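Numbering (our numbering), first residue to last: 8 to 53.
Everything below concerns the one structure shown next.
Written as structure tokens, this is what we have:
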């Protein structure tokens, strides 16, 4: 099985943030194409 992150020109990229409790949270994202950005968020407010 191939890594589907290879669809994106720069592959999988990660951004590390701190949550409300100061814990480190890593967010994975990929960039491709042009036009309006699409944001998919999961678990916001839980």
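Ideal placement from N, C-alpha and C gives every residue a C-beta, glycine not left out.
Since this is a predicted model, take the numbers as computed values, not measurements.
Would residue i and residue j be called neighbours here (beta carbons separated by less than 8 Å)?
i	j	result
residue 37	residue 20	yes
Give the straight-line distance between the Cα atoms of residue i and residue j, rounded to the nearest whole angstrom.
i	j	result
residue 11	residue 18	9 Å
residue 15	residue 40	9 Å
residue 9	residue 33	22 Å
residue 46	residue 26	18 Å
residue 28	residue 13	33 Å
residue 30	residue 44	27 Å
By alpha-carbon positions, which one of the options ends up nearest to residue i?
i	options	result
residue 23	40, 35, 13	35
For residue i, list the residues DSSP reports as bridge partners.
i	result
residue 33	23
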